[in-house]
Amino acid sequence: MKHSPAYRLAATVLHGFDEYRARFKQITSDASRRFRDAAWREAQQASAARINLYGEKVEETLDR
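Mapping of the sequence shown onto my numbering: residues 6 to 69, in sequence order.
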């Protein structure tokens, strides 16, 4: 069965959002260890990665 353009667009956006959330959780999952170990440089890098992630995933999704 061929899906409508609206369906394909919605599926693409959902897939991009799912990838974004998975990567966001992955980056964030180690936050307590970074804090406990006073790994401030790593914490700063993770913060920057989380901030940049949204734009990166939007661009990736638009390219699909």
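Ideal Cβ positions, reconstructed from N, Cα and C, are used throughout, including at glycine.
In the displayed model, residue 9 falls within coil according to three-state DSSP, outside both helix and strand. In this structure, the straight-line span from the alpha carbon of residue 6 to that of residue 31 is close to 35 Å. Secondary structure of residue 37 (DSSP, three-state): helix. For a cut-off of 8 Å, the C-beta gap from residue 25 to residue 67 is around 13 Å, too long to register as a contact.
Closest in C-alpha terms to residue 29, from the list 65, 54, 64 and 69, comes 54.
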